[in-house]
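The number in this note's numbering is simply the position in the sequence shown, starting from 1, with 83 added.
Below: one structure, written as structure tokens.
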Amino acid sequence: VKANIRYSLVLEKIQPLTDELQQAEAELERCQTRLSSCEAEIAEIDDRVSAMKDEFSARTREAETLRTGLEKVQATLEKAEKLIGQLGGEQDRWSHTAKHLESQLDKLPKLMLLAAGFTTY
Numbered sequence: 084v085k086a087n088i089r090y091s092l093v094l095e096k097i098q099p100l101t102d103e104l105q106q107a108e109a110e111l112e113r114c115q116t117r118l119s120s121c122e123a124e125i126a127e128i129d130d131r132v133s134a135m136k137d138e139f140s141a142r143t144r145e146a147e148t149l150r151t152g153l154e155k156v157q158a159t160l161e162k163a164e165k166l167i168g169q170l171g172g173e174q175d176r177w178s179h180t181a182k183h184l185e186s187q188l189d190k191l192p193k194l195m196l197l198a199a200g201f202t203t204y
């Protein structure tokens, strides 16, 4: 009987501890479940960050390629503008030469007639 009474006293002292242990284990299970979901979410975020880094790298390379192409086009445009400026002077010279040749062409029949007259005289 004394053993049963002792056992009863021990159970009375241990019962709150057992209940507290069960609550702590349940809380641990909830925390582990939450930890697992947070780790999965972090892994998903890491994957998205990695994908964004890859996309950023690709866009940076594309921007660099476009910038290089733009520099080439600008250099070509500057050369073309310089050439057009130089050709503008050539156009003036050619126009002047063409007018001079037209005036000489107008005088040619008269000069030919004069040369024929001197030749026959």
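Each residue gets a CB set at the ideal place from its N, CA and C atoms; glycine is no exception.
Because the structure is a prediction, the values reported are computed rather than measured.
Assigned secondary structure, Val-84 (DSSP; H/G/I helix, E/B strand, else coil):
Note: Val-84 maps to coil in three-state DSSP.
Please report how far the alpha carbon of Leu-104 lies from the alpha carbon of Gln-98, in whole angstroms.
Put simply, the backbone Cα of Leu-104 is about 10 Å away from that of Gln-98.
Taking DSSP as the reference, what is the three-state secondary structure of Tyr-90?
DSSP places Tyr-90 within a helical segment (H, G or I) once states are collapsed to three.
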